[in-house]
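Taken in order, these protein sequences are the chains called A and B. Per my numbering, the first sequence starts with residue 438, numbered consecutively. Per my numbering, the second sequence starts with residue 438, numbered consecutively. Built from N, CA and C at the ideal position, the CB exists for glycine as well. Please read these numbers as outputs of a predicted model, since none were measured by experiment. Have a look at the structure below, then the notes.
Protein chains: 2
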Amino acid sequence: MKVKIVDVAREANVSVATVSRVVNNIPLVNEETKERVLEAIKKTGYKPNAIARSLKIQRTNTLGIMIPDISNPLYTEMVRGVEDICGIYNYNIILSNTDFSPEKEHESLDVLIEKQCDGIIYIGKNLSEEFQETLKNAPSEIVLGCVSDEKGELSSVLIDNESAAYDLAKKAIDAGYKNFALFYDRDEGFVNRKRIDGVRRALDEAGIELDPELILRGNINVKGGHSMMTKLLESGKEFDIVMCMNDQVAIGAIRAAEDAGRKVPDDIAVTGFNDYWISEWFDPKITTVRQPMYDIGAIAARMLIKMCESDEKESRTITAPYEIVARQSMPEHAC
Amino acid sequence: MKVKIVDVAREANVSVATVSRVVNNIPLVNEETKERVLEAIKKTGYKPNAIARSLKIQRTNTLGIMIPDISNPLYTEMVRGVEDICGIYNYNIILSNTDFSPEKEHESLDVLIEKQCDGIIYIGKNLSEEFQETLKNAPSEIVLGCVSDEKGELSSVLIDNESAAYDLAKKAIDAGYKNFALFYDRDEGFVNRKRIDGVRRALDEAGIELDPELILRGNINVKGGHSMMTKLLESGKEFDIVMCMNDQVAIGAIRAAEDAGRKVPDDIAVTGFNDYWISEWFDPKITTVRQPMYDIGAIAARMLIKMCESDEKESRTITAPYEIVARQSMPEHAC
DNA sequence: AAATTTCATGAAAATGTTATCATTGTCTGA
DNA sequence: TCAGACAATGATAACATTTTCATGAAATTT
């Protein structure tokens, strides 16, 4: 049978209250009895029961993370940031995959609430109006990562996607590119929309027309990028640059271009987004936008823990810095 | 204030026992009162408190995962497998990074035990004798992933690393390669050792001598691979194939070879291990060994849940299948 | 009609902690 | 010498559930 606090108390010949005090490092206990209790703890191998403790103190020291897909390296890096901060402040993490599905989202949230997470980090590319409402009414503290509710009623940490996409597109325009193709997500969503908006603004400002037929939608992975490029090349449309939703899509697009006998960046320039580790080692190295995912996770966690431990109720939106990473796949001057 | 079971009971004009019964779907309750209780639950917005429940029933429906580094995609894929199985059986996951550090390992384990995880999955590349002992004495059920205690006293799920490395080396020998270099982990450890053993056995059988100076140790990432290859080329030693600890190392090695004006695979063949998604899209495509990480995670989780819910106490070692993936970086016939 | 079974429900104990309040000495200062 | 302060400790009431046992009513069997 598991040893509990009363067993230790019996062994050390003190009351449970005293044992609890030494376990929790509460000062009002005689040095000698403390010693005796410590002895008893070691002898019995007592480990406090955090569940019972949580029930009593009404805190679990646990954060929930809702994440679309833990096997996506982008999110993983963010989780790592959360993890590290949690380590410092003695919190733990309960993971919950949402798979981009609204039902799973609701289920996940319910479970995290039922398990009494002190706070919850919601990570995603999109956030429905309805779920925003649900989150606002949740009893746990909430911080959004990588998305925001546009009203700013929930706290969030993310980069300015619109402006990042704008900057990247501007750079392409300055380099001399004229015919833009876009490989974006099939599903409309917060992040996707912002990025397209950014590109569009840059083109508008430069007086460049964006041909709607050059905005392709597909799966946001290597294969998706490959097939979008293949399709686009087959269409015979003119274009000299492709801006992709992320680096995987860019890699797929580059391979497809090569398969079709086109050179990147000589014939076609390609940009990605997110800056995976491979983007620096791929040939050609991929021009992209770096989001500080680790930092975003860390900041979100830090905010959330602060919210749990004080009762500041005001929501804050933190804009993390991004960085345009210029590499080979889109040179400074169009070839 | 949070609404609890007694509030629902009052609202529905029944006892808490009855509410508990309908919440837990225990059949012995009249259809009509059940209806009334359900009504009251909806009206009050009651969500059961899993902490209190766990304290009473002495189960948390929570699995702990100890993992060296969640940002390593290999482990992430495994976590995904665990997650999916947990979803089916209504378990949750508490994550805990161990960072390959023995102290962190102990801390992690303690926390997971204190939080009363029903079971714990230990993932890693190595397992010290001492920690094996600690795990064996843990009150929670334990399953190892990717490693095993060599005595088989703990349950585990992993591929046969020795034999995978043997097969891969054999393939290289059959292709005609003669001068083997190895890029492996600086730290000796279970997985690393097994893989080197496997290569060595294949070479021994073929009567090929393995030059100790061609076994290089370094960081197991792209940069490590790059610097090992650079160093090896500078040494002027003869070699025609490099077998790497994983695909990242292989990618680094390939880039370094190219930087030095050598062609892969024409001048030097390179093999990896683990088969990341990029290995199929990199140029050259990387010859490697695929471990079914998702399945390993899923099987481990399934085993663990079974162990938690029955009381079979016998430990089982499950050997997952691996697959040699022949691609361009090591062709079937040496050039 | 009596005895037995079944069904629906409630009261209350138990789960392992923490924290409040009370108690007992011991010490300090007038 | 004694009131008051203080230090160390213990009893015990929460915390929100589940589950056992008891109870009474209704249904069924003898």
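Could you please give the first and the last residue of the uninterrupted beta strand (DSSP E) stretch that includes residue i?
{"i": "D611 of chain B", "result": "Segment N598 to A612 is the alpha helix (DSSP H) holding D611 of chain B; no beta strand (DSSP E) there."}
{"i": "A757 of chain B", "result": "T754 to A757"}
{"i": "R654 of chain A", "result": "I652 to G655"}
{"i": "I531 of chain A", "result": "N529 to N534"}
{"i": "D622 of chain A", "result": "F617 to D622"}
{"i": "M680 of chain B", "result": "I678 to C681"}
{"i": "A706 of chain A", "result": "A706 to T708"}
{"i": "V443 of chain B", "result": "Segment I442 to A449 is the alpha helix (DSSP H) holding V443 of chain B; no beta strand (DSSP E) there."}
Residue j and residue i - do their beta-carbons sit closer together than 9 angstroms?
{"i": "N529 of chain A", "j": "D506 of chain A", "result": "no"}
{"i": "I488 of chain A", "j": "T497 of chain B", "result": "yes"}
{"i": "M730 of chain B", "j": "G518 of chain B", "result": "yes"}
{"i": "M666 of chain B", "j": "A690 of chain B", "result": "yes"}
{"i": "T724 of chain A", "j": "R764 of chain A", "result": "yes"}
{"i": "R776 of chain A", "j": "A454 of chain A", "result": "Nothing can be reported for residue 776 of chain A: it is not among the residues displayed for chain A, which extend from 438 to 772."}
{"i": "F627 of chain A", "j": "M680 of chain A", "result": "no"}
{"i": "L532 of chain B", "j": "I494 of chain B", "result": "no"}
{"i": "D555 of chain A", "j": "L500 of chain A", "result": "yes"}
{"i": "N616 of chain A", "j": "F676 of chain A", "result": "yes"}
{"i": "L670 of chain A", "j": "A706 of chain A", "result": "no"}
{"i": "D736 of chain B", "j": "Y526 of chain B", "result": "The identity of residue 736 of chain B in the sequence shown is Ile, whereas the question assumes Asp. Result no, Cβ atoms of I736 of chain B and Y526 of chain B do not sit closer than 9 angstroms."}
{"i": "A612 of chain B", "j": "P768 of chain B", "result": "yes"}
{"i": "V451 of chain B", "j": "T470 of chain B", "result": "yes"}
{"i": "V516 of chain A", "j": "S716 of chain B", "result": "no"}
{"i": "S777 of chain A", "j": "S752 of chain A", "result": "Only positions 438 to 772 of chain A appear in the structure, and residue 777 of chain A is not among them; the question remains open."}
Does any C-beta atom of chain B lie closer than 9 angstroms to the C-beta of residue i?
{"i": "L653 of chain A", "result": "no"}
{"i": "K588 of chain A", "result": "no"}
{"i": "R632 of chain A", "result": "no"}
{"i": "G698 of chain A", "result": "no"}
{"i": "R517 of chain A", "result": "yes"}
{"i": "N461 of chain A", "result": "no"}
{"i": "E540 of chain A", "result": "no"}
{"i": "G524 of chain A", "result": "yes"}
{"i": "R623 of chain A", "result": "no"}
Compare the C-beta of residue i with all C-beta atoms of chain A and state if any pair is closer than 9 angstroms.
{"i": "S508 of chain B", "result": "yes"}
{"i": "P576 of chain B", "result": "yes"}
{"i": "E520 of chain B", "result": "yes"}
{"i": "T499 of chain B", "result": "yes"}
{"i": "D547 of chain B", "result": "yes"}
{"i": "L532 of chain B", "result": "yes"}
{"i": "I688 of chain B", "result": "yes"}
{"i": "T725 of chain B", "result": "no"}
{"i": "N529 of chain B", "result": "yes"}
{"i": "G571 of chain B", "result": "First, the amino acid is wrong: residue 571 of chain B is Thr here, not Gly. No, T571 of chain B does not count as interfacial toward chain A."}
{"i": "D720 of chain B", "result": "yes"}
{"i": "R638 of chain B", "result": "no"}
So, under 8 angstroms CB-CB, residue i and residue j are touching, yes? Tell me the CB distance rounded to an integer number of Å.
{"i": "I522 of chain A", "j": "Y512 of chain A", "result": "In fact, because the Cβ distance is near 16 angstroms, the residues do not count as touching under 8 angstroms."}
{"i": "F568 of chain A", "j": "E590 of chain A", "result": "Contact flag wrong, Cβ pair sits at about 13 angstroms."}
{"i": "S457 of chain B", "j": "I442 of chain B", "result": "6 angstroms"}
{"i": "Y614 of chain B", "j": "I678 of chain B", "result": "4 angstroms"}
{"i": "E650 of chain B", "j": "K484 of chain A", "result": "Their Cβ separation, rounded to whole angstroms, is 49 angstroms, which puts E650 of chain B and K484 of chain A out of contact at 8 angstroms."}
{"i": "V686 of chain B", "j": "I652 of chain B", "result": "Contact doesn't hold; Cβ gap of about 13 angstroms is too wide."}
{"i": "Y713 of chain B", "j": "D684 of chain B", "result": "5 angstroms"}
{"i": "R632 of chain A", "j": "G655 of chain A", "result": "Actually they do not touch by this definition, with Cβ atoms about 15 angstroms apart."}
Starting from residue i, trace the alpha helix (DSSP H) both ways and give me its first and last residue.
{"i": "T725 of chain B", "result": "No alpha helix (DSSP H) contains T725 of chain B, which is instead part of the beta strand (DSSP E) from T725 to R727."}
{"i": "F385 of chain A", "result": "Outside the displayed span of chain A (438 to 772) sits residue 385 of chain A, for which this structure offers no information."}
{"i": "D547 of chain B", "result": "P539 to E551"}
{"i": "T497 of chain B", "result": "Here T497 of chain B belongs to no alpha helix (DSSP H), and DSSP marks it neither H nor E."}
{"i": "I733 of chain B", "result": "M730 to E746"}
{"i": "V453 of chain A", "result": "V453 to V460"}
{"i": "I525 of chain B", "result": "P510 to Y526"}
{"i": "E695 of chain A", "result": "D684 to D696"}
{"i": "L581 of chain B", "result": "Careful: L581 of chain B lies outside any alpha helix (DSSP H), inside the beta strand (DSSP E) at E578 to G582."}
{"i": "I463 of chain A", "result": "No alpha helix (DSSP H) contains I463 of chain A, which DSSP labels as neither H nor E."}
{"i": "G662 of chain A", "result": "V659 to S672"}
Using Cβ-Cβ distances below 8 angstroms, what residues of the stretch 479–496 of chain B are close to chain A? Hits within the stretch, in order: K484, P485, N486, A487, I488, A489, S491 and L492.
For the stretch 701–714 of chain B, list every residue whose C-beta sits within 8 angstroms of some C-beta in chain A, in sequence order. So the close ones are W714.
Along the stretch 659–684 of chain B, what residues have a CB closer than 9 angstroms to any CB found in chain A? Against chain A - using a Cβ distance shorter than 9 angstroms - the residues of the stretch 659–684 of chain B are V659 and H663.
Check distances from the C-beta atoms of the stretch 550–565 of chain A to those of chain B and list, in chain order, the residues that come in under 8 angstroms. Hits within the stretch, in order: I550, E551, K552 and Q553.
What residues from the stretch 739–759 of chain A come within 9 angstroms of chain B, judged by C-beta to C-beta, listed N to C? Answer in chain order: no residues at all.
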